[in-house]
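In terms of this note's numbering, the first sequence opens at residue 17 and continues consecutively. In this text, a Cβ means the ideal position worked out from N, Cα and C, and glycines have one as well. Note that this is a predicted model, so its numbers are computed, not measured.
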Amino acid sequence: MPIVRVALPVPLPQVFDYLAPDASEADVGRCVKVPFGRGERNGLIVALAAEADVDPARLKAVHHIQRDVPPLPPDWLELAAFVARYYHAPIGEVVALALPPGLRRADGVSGDEDDPLLDIGPAGTEALQAGRRPSKALALLQALAQDTPPWRRNAVRAREGGEAVGDLLRRGWLVEAALDTPGRAASGVLPELTTEQDGTVKAILDAGEGFRSWLLHGVTGSGKTEVYLRLAARMLARGRQVLMLVPEIALTPQLEQRVAQRFAAARIVSLHSGLADGARSRGFVQALSGRADIVLGTRLAVFAPLPRLGLILVDEEHDASYKQQEGVRYSARDVAVWRARQRGVPVVLGSATPSLETWYHARSERYALQVLKQRAVAATMPAVRCIDVRRLKLDEGLSPGLQAAIAQRLERGEQSLVFLNRRGYAPVLSCPSCGWVSRCPHCSANLVVHLADRRLRCHHCGCEGGIPHACPSCGDQDIKPFGRGTQRIEARLAELYPQARVLRVDRDAARTRRQWEALLDTIAAGGADILVGTQMMAKGHDFPNLTLVGVVGADASLHAADFRAPERLFQQLMQVGGRAGRGALPGEVLIQTEYPEHPLYRHLARHDFDAFARMELQARRSAGFPPFSHQAMLRADAPALDDAVEFLRHARRLAAEHAPDGLRIYDPVPMRMTRLARRERAQLLLEADQRSLLQAFLTDWMALLYRQRTARELRWQLDVDPLEV
DNA sequence: AGCACGCCGACT
DNA sequence: GTCGGCGTGCTC
Numbered sequence: 017m018p019i020v021r022v023a024l025p026v027p028l029p030q031v032f033d034y035l036a037p038d039a040s041e042a043d044v045g046r047c048v049k050v051p052f053g054r055g056e057r058n059g060l061i062v063a064l065a066a067e068a069d070v071d072p073a074r075l076k077a078v079h080h081i082q083r084d085v086p087p088l089p090p091d092w093l094e095l096a097a098f099v100a101r102y103y104h105a106p107i108g109e110v111v112a113l114a115l116p117p118g119l120r121r122a123d124g125v126s127g128d129e130d131d132p133l134l135d136i137g138p139a140g141t142e143a144l145q146a147g148r149r150p151s152k153a154l155a156l157l158q159a160l161a162q163d164t165p166p167w168r169r170n171a172v173r174a175r176e177g178g179e180a181v182g183d184l185l186r187r188g189w190l191v192e193a194a195l196d197t198p199g200r201a202a203s204g205v206l207p208e209l210t211t212e213q214d215g216t217v218k219a220i221l222d223a224g225e226g227f228r229s230w231l232l233h234g235v236t237g238s239g240k241t242e243v244y245l246r247l248a249a250r251m252l253a254r255g256r257q258v259l260m261l262v263p264e265i266a267l268t269p270q271l272e273q274r275v276a277q278r279f280a281a282a283r284i285v286s287l288h289s290g291l292a293d294g295a296r297s298r299g300f301v302q303a304l305s306g307r308a309d310i311v312l313g314t315r316l317a318v319f320a321p322l323p324r325l326g327l328i329l330v331d332e333e334h335d336a337s338y339k340q341q342e343g344v345r346y347s348a349r350d351v352a353v354w355r356a357r358q359r360g361v362p363v364v365l366g367s368a369t370p371s372l373e374t375w376y377h378a379r380s381e382r383y384a385l386q387v388l389k390q391r392a393v394a395a396t397m398p399a400v401r402c403i404d405v406r407r408l409k410l411d412e413g414l415s416p417g418l419q420a421a422i423a424q425r426l427e428r429g430e431q432s433l434v435f436l437n438r439r440g441y442a443p444v445l446s447c448p449s450c451g452w453v454s455r456c457p458h459c460s461a462n463l464v465v466h467l468a469d470r471r472l473r474c475h476h477c478g479c480e481g482g483i484p485h486a487c488p489s490c491g492d493q494d495i496k497p498f499g500r501g502t503q504r505i506e507a508r509l510a511e512l513y514p515q516a517r518v519l520r521v522d523r524d525a526a527r528t529r530r531q532w533e534a535l536l537d538t539i540a541a542g543g544a545d546i547l548v549g550t551q552m553m554a555k556g557h558d559f560p561n562l563t564l565v566g567v568v569g570a571d572a573s574l575h576a577a578d579f580r581a582p583e584r585l586f587q588q589l590m591q592v593g594g595r596a597g598r599g600a601l602p603g604e605v606l607i608q609t610e611y612p613e614h615p616l617y618r619h620l621a622r623h624d625f626d627a628f629a630r631m632e633l634q635a636r637r638s639a640g641f642p643p644f645s646h647q648a649m650l651r652a653d654a655p656a657l658d659d660a661v662e663f664l665r666h667a668r669r670l671a672a673e674h675a676p677d678g679l680r681i682y683d684p685v686p687m688r689m690t691r692l693a694r695r696e697r698a699q700l701l702l703e704a705d706q707r708s709l710l711q712a713f714l715t716d717w718m719a720l721l722y723r724q725r726t727a728r729e730l731r732w733q734l735d736v737d738p739l740e741v
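The structure is reproduced here in structure tokens:
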């Protein structure tokens with residue numbers, strides 16, 4: 017009687033054995049429905065076993081094996097096992113996170129219908145000429161007629177008014193086109209490559225098909241995407257699949273559009289958490305069955321099964337959103353590199369501001385390096401200058417120099433951006449007479465003043481209330497917002513330049529994708545003169561008429577406790593600086609600072625990422641921080657801090673008993689933001705110079721910790737390679 | 001994580 | 001006399 021080993025979505029570090037009378041080796045990698053406890057669960061068969069690990073009398077039989085979908089291949093199971101092992105997460109939780117929810121339910125997935133290539137048929141050509149009355153169907157047909165055929169059905173569907181695609185097919189306006197190679201470019205004319213781009217493409221292709229990690233370090237505007245597309249084209253032409261990871265959902269539609277335009281014949285699947293269950297399952301199954309040619313998505317797309325995988329691309333590899341910050345805390349970028357090695361394919365990590373880990377790997381020749389120094393678009397790097405604000409009288413945080421620069425842009429009809437990483441009107445409301453400040457009742461944070469909708473709001477737990485008219489503590493009427501956020505800057509700019517159109521771009525102004533796109537459209541259409549924005553503005557959009565970026569309040573990150581703060585600040589400033597002068601007009605970046613001589617700003621002014629990276633790595637080397645050591649963080653949270661700390665002390669004692677030489681165990685400390693949403697949090701840092709030493713220890717330690725019984729209100733989790741310490 | 005079992009305080 | 005508090009233990 018065959019026994020199957022099933023991974024179940026429970027926080028237990030084991031697999032569970034079941035009887036499966038009709039199971040065979042061909043069922044490994046299939047989803048199953050099994051009885052569990054007194055209920056039923058969906059899981060994944062990860063292996064066949066000859067004998068059960070437990071008393072055979074305890075075995076139950078599986079309820080149902082899902083055989084409508086091809087099983088997940090062995091390399092995928094290995095990938096899940098690796099992630100479970102490396103991040104010390106239960107295999108069942110890894111499987112639950114990697115599989116689309118719909119698929120896991122194992123109750124029939126309609127997924128793998130083909131995505132046919134379409135062209136305009138004779139009836140369509142007739143309809144275009146017939147001068148019919150306007151309709152949705154005709155509008156779509158007309159839009160398509162402006163474009164180069166063929167198109168994938170799904171790509172047509174994704175267009176504006178694309179719901180009419182079925183209608184067009186029924187009418188015969190669109191017909192199935194002949195098969196084509198997916199790597200063929202849609203439009204005959206490709207953008208010409210710069211010498212650098214060309215060299216990079218050649219170097220990566222010439223290195224062959226085997227595993228290799230590449231860092232593609234290209235300044236903003238150097239045309240990294242074009243390099244990705246050329247590489248992808250070659251892989252598609254060879255009949256291979258391409259996996260392309262991007263940081264955030266917000267940026268995927270644009271890229272998807274561009275990829276779809278370039279590779280009309282390719283079946284493109286996009287995978288991200290914003291997708292409905294059905295769409296996510298469909299995409300996953302298309303990848304699994306080998307029908308999808310390109311999988312484009314956010315970090316969870318790294319788990320897409322790809323039988324013909326030929327290349328992995330990780331765009332903006334430094335981006336923090338590749339690291340999951342809850343549950344299984346995996347880094348999609350690191351998993352991508354592992355996967356490339358496992359499958360023997362190249363992986364290209366691209367960034368204008370690489371993470372110092374990646375940059376170090378490239379310098380120490382573990383990764384191959386390709387550099388793009390020139391902007392592909394006809395534009396020079398922006399001039400970066402510090403405004404020393406130490407002896408200046410600021411007007412709501414704006415220096416005379418910055419104001420003059422803005423006024424000059426207004427005169428010339430160009431756009432300015434004031435960049436400030438703090439949304440709201442003011443970070444706190446406070447009473448000057450008794451010292452009361454607006455504190456969040458659930459977090460160790462202040463409530464932020466939002467004057468736009470007259471609310472006090474906690475940016476950490478989301479709780480909010482009205483703005484009091486008098487001090488809740490002493491009754492003084494004279495309570496004031498202290499400090500500055502985007503709303504306050506926006507208001508002051510509107511006063512200073514009444515003729516200008518001031519537009520705020522932050523998470524409050526762009527809460528939905530629709531709002532965000534509307535803002536981008538307004539900016540692109542020249543409907544704004546001055547932008548006030550947070551880091552949302554730093555990413556990937558071209559505003560040809562934007563020539564000035566003013567940076568306000570950056571100094572705060574200069575002396576932050578987190579050793580990665582300078583890295584993030586430099587990356588952010590370089591990214592936001594890259595927004596200036598991407599068209600024909602030269603750009604200027606003005607940084608208001610009290611430390612105009614700070615090396616970080618000096619390197620930034622010279623656009624010298626390498627010098628900054630060398631300096632920062634030197635500091636990390638002497639402090640023994642990553643990448644010169646490897647870290648893991650055990651975090652605990654409970655209603656009372658003492659309980660969290662007590663658990664970590666206990667964990668530390670267990671650790672000390674088993675600790676090998678070379679493992680550094682720090683003391684449990686409250687987290688920087690101790691209280692969050694009514695829970696108090698503490699953490700315990702572990703560090704070792706050798707990754708293998710740390711990993712071996714963690715395996716033993718986790719086994720001990722999983723056996724501990726803890727109070728019900730205490731929660732803990734391990735974070736391997738934590739981003740925030 | 002769920003969900004049972006199980007043993008002590010204030011209620012129809 | 002019971003409803004329900006959460007400690008403890010288990011899930012193939």
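Taking Cβ positions, are residue i and residue j nearer each other than 8 Å?
| i | j | result |
| --- | --- | --- |
| G45 | L95 | no |
| L702 | R680 | yes |
| V344 | E511 | no |
| R665 | P684 | yes |
| P362 | A253 | no |
| L616 | F625 | no |
| T396 | M590 | no |
| V78 | V99 | no |
| N58 | R121 | yes |
| D659 | L730 | yes |
| F435 | G294 | no |
If we count the other Cβ atoms within 10 Å of its Cβ and call it buried at 16 or more, is residue i buried or exposed?
| i | result |
| --- | --- |
| D411 | exposed |
| S289 | exposed |
| V70 | exposed |
| D677 | exposed |
| C490 | exposed |
| G593 | buried |
| Q431 | buried |
| L184 | buried |
| G53 | exposed |
According to DSSP, is residue i part of a helix, a strand, or is it coil?
| i | result |
| --- | --- |
| Y682 | coil |
| I607 | strand |
| W717 | helix |
| E583 | helix |
| L170 | For clarity, residue 170 is Asn in the given sequence; the question names Leu instead. It is helical. |
| S347 | strand |
| W230 | strand |
| Y34 | strand |
| M260 | strand |
Leaving out the 5 sequence neighbours to the left and right, which residues in its chain are closer than 8 Å to residue i when beta-carbon positions are compared?
| i | result |
| --- | --- |
| S337 | P263, E264, T314 and R315 |
| R324 | G255, R256, Q257 and G306 |
| R168 | D131, P132, L133, L134, A276, A280, A281, A282, R283 and I284 |
| R401 | E604, V605, L606, I607 and A621 |
For residue i, which residues in the same chain have their Cβ closer than 6 Å to its Cβ, ignoring the five residues on either side in sequence?
| i | result |
| --- | --- |
| A516 | L426, D545 and I546 |
| P29 | P106 and Y722 |
| R691 | C459 and S460 |
| M718 | H104 |
| W732 | A652 |
| R428 | none |
Excluding sequence positions up to five away, which residues of its chain have a Cβ less than 7 Å from the Cβ of residue i?
| i | result |
| --- | --- |
| A448 | According to the sequence displayed, residue 448 carries Pro and not Ala. The residues are D494 and K496. |
Could you check whether the Cβ of residue i sits closer than 7 Å to any heavy atom belonging to the ligand COA?
| i | result |
| --- | --- |
| F644 | The ligand COA is not part of the structure shown, which contains no ligands of any sort. |
Within the segment 644-695, ranges of the alpha helix (DSSP H) (whole runs, at least 4 residues): If we require 4 residues or more, the alpha helix (DSSP H) runs fully inside the segment 644-695 come out as 657-674.
4 or more residues per run - each alpha helix (DSSP H) lying fully within the segment 412-484: 416-428
Unbroken beta strand (DSSP E) runs of length 3 or more, entirely within the segment 135-221: which are they? 190-192
Runs of alpha helix (DSSP H) lying entirely within the segment 344-385, each at least 4 residues, in chain order: 348-359 and 372-379
What ranges does the alpha helix (DSSP H) occupy inside the segment 260-316, keeping only unbroken runs of at least 4 residues that lie completely in it? 268-278 and 293-304
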